[in-house]
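Working notes, beginning with the structure itself.
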Amino acid sequence: MSHWMKWIVAACTVTLLAACGGNDDDEPAAQPRNIVQTAQSDARFSILVEAVVAADLAGTLSAPGPFTVFAPTNDAFVALLAELGVTKEQLLADVPLLTKVLTYHVVPARVLKANVPVGTAIVSVEGGTFTVDAGLAITDQRARRASIVATDVLASNGVIHIVDKVILPAP
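Heads up: take any position in the sequence shown, counting from 1, add 1412, and you land on our numbering.
Given below as structure tokens:
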């Protein structure tokens, strides 16, 4: 291949690569979702979202934060309802209890999995503490255990770690 032909091929390649970049449509880039929006977009958290709304915490958890939420799944809430012998409607109607339980799942900082203080008391927004061990098991103030089953679900105002059990503060 001649010297000039190599230059032409190189120039065409650069031009083609440059044409592939960028966003040619007129739609704005998607904005990062906050913790509430992230939970709303995942069907596994429909009961959690209902609870957050019932406790009037949606505005707080949509604010800039940062927050870390140890988010129980629907299955975790169903198990709690059975354990307590109440219906979902009864739980959602008890706003003081609901607020206490939900704020116990929130830490007022962005704590990624790599930065979870293993074996050290973690202080929640509710004021109570819980611990996380090296196996990502949480022990709450009632000596109940929950497992963190997924970590580092990022949101614009913090991070969500998914838990398989609703953790409870001291009575």
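Ideal Cβ placement from N, Cα and C applies to all residues, glycine included.
- Unbroken alpha helix (DSSP H) runs of no fewer than 4 residues, entirely contained in the region 1517–1581, are not found.
- If you check the CB distance, A1483 and I1550 do not come in under 7 Å.
- Between G1570 and A1555, the alpha-carbon positions lie close to 27 Å from each other.
- Using a Cβ-Cβ distance cut-off of 8 Å, the region 1455–1464 and the region 1481–1501 are in contact, since at least three pairs of beta carbons, one from each stretch, lie closer than that value.
- Within 10 angstroms of the beta-carbon of D1545 lie fewer than 16 other beta-carbons, which makes it exposed.
- For the beta strand (DSSP E) assignment, the uninterrupted runs of no fewer than 3 residues enclosed by the region 1450–1528 are, from N- to C-terminal side, 1479–1484.
- Non-local C-beta neighbours of V1537 in its own chain, meaning closer than 6 Å and more than five positions away in sequence, comprise T1515, V1518, P1520, ordered along the chain.
- Listed in chain order, the non-local C-beta contacts of V1528 below 6 Å within the same chain comprise V1544, local neighbours out to five positions each way being set aside.
- A1562 sits away from T1511, with the two beta carbons spaced by 7 Å or more.
- Between the beta-carbon of V1535 and that of L1580 there is about 16 Å, and that puts the pair past the 8 Å contact cut.
- Burial is judged here by how many other beta carbons sit within 10 angstroms of a residue's own beta carbon; T1499 has fewer than 16 and is exposed.
- Around the beta carbon of A1494, fewer than 16 other beta carbons lie within 10 angstroms, which makes this residue exposed.
- Pairing V1461 with A1451 gives a Cβ-Cβ distance under 7 Å.
- V1448 and P1508 have their C-alpha atoms some 20 Å from each other.
- In the assembly as shown, D1564 is an exposed residue. Its beta-carbon has fewer than 16 other beta-carbons within 10 Å.
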